[in-house]
Amino acid sequence: MAEVVIVRDEQEAGELAATVVADLVRRRPDAVLGLATGSTPLSTYRALAGRIAGEGLDVSRVRGFALDEYVGLPAGHPEGYRQVITREVVEPLGLTPELVRVPNGDPASIRTAAEDYDAAIRDAGGVDLQVLGIGRTGHIGFNEPGSSLASRTRVKTLTEQTRIDNARFFDSIDDVPMHCITQGIGTILEARHLVLLAFGEAKAEALAAAVEGPVSASQPGSAIQLHPHATVIADEAAASRL
Ligand code: GLP
7 MAEVVIVRDE QEAGELAATV VADLVRRRPD AVLGLATGST PLSTYRALAG
57 RIAGEGLDVS RVRGFALDEY VGLPAGHPEG YRQVITREVV EPLGLTPELV
107 RVPNGDPASI RTAAEDYDAA IRDAGGVDLQ VLGIGRTGHI GFNEPGSSLA
157 SRTRVKTLTE QTRIDNARFF DSIDDVPMHC ITQGIGTILE ARHLVLLAFG
207 EAKAEALAAA VEGPVSASQP GSAIQLHPHA TVIADEAAAS RL
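7 is the number of the first residue of the sequence shown in this note's numbering; add one for each residue after it.
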């Protein structure tokens, strides 16, 4: 059973998650962080930027691996996760850009991109701490319902629900890609510590299924129950069905 911490709001969650990350980096200056996108981890990244600046924490050797990327967005598209990770994580935290990887969503190299990514994670010695959000469909990374719990990094089709949810970042839903490349659930479970964040009523059902439901490929978030060290940080609204 995951350890569940219920906090007042996103800011408190961000402070708590940032403390966990900062403690890790102090212990291990070349720590490997698993980075999530979406709106959920933003308060964590903000709080962490504050910690790094305030404590003069050296993050120059910290390495990072993003969970996922859209397939087929034009290079440099502001909503491509490469750009998002640069804007929201690498720059504000002052990480070394060359040490932070995002799966390659260029269709021209998609055949080898997934295997290369898992190999790069392995070569880095695995992820020490994986930050996770959860989608309303229950997805972690972009592993939509039906994803094998043993899956590795691969190309997937986005559900209509996720495309609708993410349309807010684009001019219209037609601009939201149909495909993505995502770390698999098996890949994610190899991280040594999972920190899953969830905020708001819209996540309550997915969070309850993840924390208390049966472990099932139809609820990808439920895979965290298989992990020996998973921490869930949720506000009261997201935790309301637990
Ligand atoms: C996105 C990402 C996920 C994220 C989830 C929730 O599309 N691929 O990694 O956890 O969906 O997004 P949000 O945090 O914006 O609710």
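Every residue, glycine too, gets a C-beta built ideally from N, C-alpha and C. Source: prediction; values computed, not measured.
Under the DSSP assignment, R52 falls in the alpha helix (DSSP H) whose first and last residues are L48 to E61. The beta carbons of R32 and L63 sit closer together than 8 Å.
One thing to note: I230 has its Cβ within 8 Å of the Cβ of A216. Look at A8 here: in three-state DSSP terms it is coil, with no helix or strand label.
Burial state of A59 is exposed, judged by a 10 Å Cβ sphere holding fewer than 16 other Cβ atoms. Within the same chain, T168 and P226 come within 7 Å of H145 by CB-CB distance, once the 5 residues on both sides are set aside. Between V161 and I116, the C-beta gap is smaller than 8 Å, which places the two residues in contact. The way I'd put it, the stretch 134 to 142 does touch the stretch 23 to 39; three or more beta-carbon pairs between them come closer than 8 Å. Here the stretch 201 to 214 does not lie against the stretch 172 to 184, with fewer than 3 beta-carbon pairs under 8 Å apart. Residue pairing for F71: DSSP places it in a beta bridge opposite G40 and R107. Only residues of its own chain outside the window of five on either side were considered, and among them V38, R69 and F71 have a CB closer than 8 Å to the CB of A130, listed in chain order. Beta-carbon to beta-carbon, V65 and L22 are separated by about 19 Å, too far to satisfy the 8 Å threshold. Between T159 and I187, the gap from beta carbon to beta carbon is short of 8 Å. Taking V108 as the centre and dropping the five residues before and after it, the same chain places the C-beta of A72, E75, Y87, R88 and I91 closer than 6 Å to its C-beta, in chain order. Relative to the non-hydrogen atoms of the ligand GLP, the Cβ of F148 comes within a distance shorter than 7 Å of at least one. Close CB contacts of A53 within its chain, under the 7 Å cut and outside five residues either way in sequence, are with G20, E21 and A24 (chain order).
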